[in-house]
Amino acid sequence: MIRDEDIIRIEEPKLSLAERLYLPQILGGLWVTLRHVFKRKITVQYPEQRRSMYRDNYRGVHRLNKDAQGRVKCVACFMCETACPAHCIHIVGAESPWPDREKYPVRFDIDELRCIYCGMCEEACPVDAIELTPLHDMVGQSRAEMVFDKEKLLGVFDQTRDLKPPKNPRIVGYAIDNPDYQLGEGPGRVPLTPPLSPKSRGQGSGGRGQSESVPAPDPRALPPGKESR
Ligand code: SF4
Ligand code: SF4
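Heads up, the sequence shown is in this note's numbering, so the first residue is 24 and it goes up one at a time.
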């Protein structure tokens, strides 16, 4: 049972005439509006008006870059697919019809809705074939439409090559830059690995893969605790 002296009665505060007319609140609201009228506007009438963006490292829709001959630059190494944390890249590779690479992608799909635009694929690509572009306002009417295939990704390259030129200059100095270079066997073709000398073929008691030209380390020369067992 609650006693009367335990009950705390709270009285409504008395409002002044101005407060009862809501005048301080109205004037306060008008003051906030007035302050913003003279501030610099940051809203834009999108899509008619667009903000200028920092384009060099914006991570928007992907593109597959083309080389100087207009071929897809990708060599189907699967590095981007492996690095992708969202598992949204799917590549099918095949033997390349060109002599300067072993493989090329016959199929290259990116699920743009599943992608988290982290840029790991771009970082992983050894030939700068995949890049993220400043395009961010892509739309589609179905999920399937947002899975960009190879043709669509190459189309994004055509659309954005002026907006964002391919980031890195071409890497030169590899054998494939030599016009005489061709893969495979036959006269005039550059071997992929230098031929093994008789000494380095592991003749004698060393067995397979052990080279006579590289002597075994002297255990006395090794620091304590590092002796070979
Ligand atoms: S940006 Fe990230 S999530 Fe998107 S495809 Fe590349 S690696 Fe995958
Ligand atoms: S990492 Fe580059 S070259 Fe390798 S599969 Fe991906 S896009 Fe192609």
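The beta carbon of each residue, even a glycine, is placed where N, CA and C say it ideally should be.
| Check | Outcome |
| --- | --- |
| Classification of Pro210 by the beta-carbon crowding that lies within 10 angstroms, buried from 16 upward | Low local confidence applies: a pLDDT of 43 at Pro210 is under 50, so the model's placement there is unreliable, and no value is given. |
| Own chain partners of Tyr197 with C-beta closer than 7 angstroms, once the 5 adjacent residues on each side are dropped | Unreliable placement is indicated for Tyr197, whose pLDDT of 45 sits below 50; the coordinate value is still reported in the next sentence. Taken in chain order, the list of residues that qualify is empty. |
| Same chain only: Cβ atoms within 7 angstroms of Lys89, ignoring 5 sequence neighbours per side | Val95, Lys96, Leu177, Phe180 |
| Any beta strand (DSSP E) of 3 or more consecutive residues that is wholly inside the region 41 to 102 | 85 to 87 |
| Any C-beta of chain C under 8 angstroms from that of Arg63 | Looking for chain C here will not work: only one protein chain is present. |
| Where Val170 falls: helix, strand or coil (DSSP) | strand |
| Exposure label - Glu146; buried when at least 16 CB within 10 Å | exposed |
| Thr183 beta carbon less than 8 angstroms from that of Arg86 | yes |
| Inter-stretch contact (C-beta, 8 angstroms, three-pair minimum) for the region 65 to 83 and the region 115 to 122 | no |
| For Pro157 and Lys187, the rounded distance between their alpha carbons | 8 angstroms |
| Validate contact between the region 131 to 147 and the region 159 to 175 using beta carbons, cut 8 angstroms, 3 pairs | yes |
| Cβ shell of Gly129 (< 6 angstroms), same chain only, five flanking positions each side left out | The sequence shown places Val at residue 129, not Gly. Counting only Cβ-Cβ distances below 6 angstroms, and skipping sequence neighbours, we find Val115, Ala117. |
| heavy atom of ligand 2 below 7 angstroms from Met143 C-beta | no |
| Close-in-space but distant-in-sequence residues of the same chain around Ala106 (CB under 8 angstroms, 5 per side omitted) | Met143, Cys144, Glu146, Ala147 |
| Test item: CB-CB of Tyr127 and Val98 under 8 angstroms | yes |
| Same chain only: Cβ atoms within 7 angstroms of Arg82, ignoring 5 sequence neighbours per side | Tyr140, Gly142, Leu155 |
| Helix, strand or coil at Glu104 according to DSSP, with G and I counted as helix | helix |
| Cα-Cα separation, His113 to Val162 | 21 angstroms |
| Continuous beta strand (DSSP E) stretch holding Glu118: start and end | 112 to 118 |
| Secondary structure of Lys126, DSSP reduced to three states | strand |
| Expected contact under 8 angstroms - CB spacing of Cys100 and Ile153 to nearest Å | Wrong, their Cβ atoms sit about 11 angstroms apart, outside the cutoff. |
| Three-state secondary structure (DSSP) of Leu177 | helix |
| Spatially closest choice to Val170 from Cys111, Pro47, Asp185, by CA coordinates | Cys111 |
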